[in-house]
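> Residue numbers for the sequence shown follow the numbering used here, so the first one is 1052 and each next one is one higher.
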Amino acid sequence: MINTIVSLEDLDGEKYGQVICYPKYSPKEFIRRVNYMMDLDIKALHFRGNKTVREIPVLGKGCTSVVVLAIIKNDEKAALKICRTDSDEVRISHEARMLQIANSVEVGPRLLGCRNGLLLMEYIEGKNFSEWIMGLSGDKYAHLSLRNALMDLLEQCWRLDVIGLDHGELSRADKHIIVDVKGKMHIVDFESASVKRKTANVTSISQYLFIKSRVSGLLSQMLGRIEVNKLVSTLRTYKMNHSRENFRLILDILGV
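#1: What span of residues does the alpha helix (DSSP H) with GLU1127 cover, start to end?
#2: When you compare only the Cα positions, how much space is there between MET1088 and LEU1169?
#3: Buried or exposed: LYS1066, going by 16 or more other Cβ atoms within 10 Å of its Cβ?
#4: Skipping 5 residues on each side, what residues in its chain have a beta carbon closer than 6 Å to that of LEU1131?
#5: What residue range does the beta strand (DSSP E) around VAL1117 cover?
#6: May I ask you to verify whether the segment 1207-1222 touches the segment 1150-1163, counting CB pairs closer than 8 Å and requiring at least 3?
#7: Could you pull the start and end residues of the alpha helix (DSSP H) that ARG1295 belongs to?
#8: Got a sec, what are the start and stop residues for the beta strand (DSSP E) VAL1057 sits in?
#9: Based on the DSSP secondary-structure assignment, which residues constitute the bridge partners of LYS1102?
#10: Flag this pair as yes or no: are the beta carbons of VAL1307 and MET1202 separated by less than 9 Å?
#11: What's the call for LEU1195, buried or exposed, on a 16-neighbour Cβ count within 10 Å?
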């Protein structure tokens, strides 16, 4: 498996076109997309990651896009989401709009640019939440950093609730929260986000963390058991009114 950096000028369509134009390569579309990458001031692509496209490593591969590591000005790293050729580019522009709104309250990776099926954003290097929490097991001091991290995550969710942006995937948050090397939580993947439905970010993340997920049992061991019935009741009250006071009641129950 290769792990290499290729400048845009040296990007060979025969070799890398299957990544840039996944799943159906087109020389014309390849050139079009590389030109848009240049518009975004991308210098090179770094093919690395745990997923593969035609044996070439990438950061991510999903139903609508492929994500690769990009090198931009000052040799900084960025994440480049490339729309699949069998998906609608509107989904990428939608995600860019949602991410821009999230950024307004300091949530999500920074939006760096968007062009016709390409979304460039801050690269968050770290582990997904479930992997990170498993790594804390057995550390007798872990609960201190864990409480601070969870407090920050819940605060981010509350800010999204207040501005009316619903992430949409936080009840299944395994792949939507990345913990960086400093232990800070980052909410990612705003493709399913919406400003048209009722927000449920705090409710969804609380259920994931403390009620119905594979990490909830581990969290209860590390932080102590919570009163689930009381939490559910308080979440119902919060759902009707996202006030700071109602949010504070949730934090009190969770002990963070």
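Think of the CB as a built atom: it goes at the ideal place given N, C-alpha and C, for glycine as much as any other residue. The structure displayed is predicted, hence computed values, not measured ones.
This is what the structure gives:
#1: No alpha helix (DSSP H) holds GLU1127; DSSP gives it neither H nor E.
#2: 8 Å
#3: exposed
#4: VAL1119, ALA1121 and LEU1171
#5: 1116-1122
#6: yes
#7: 1295-1305
#8: 1055-1058
#9: VAL1109
#10: yes
#11: exposed
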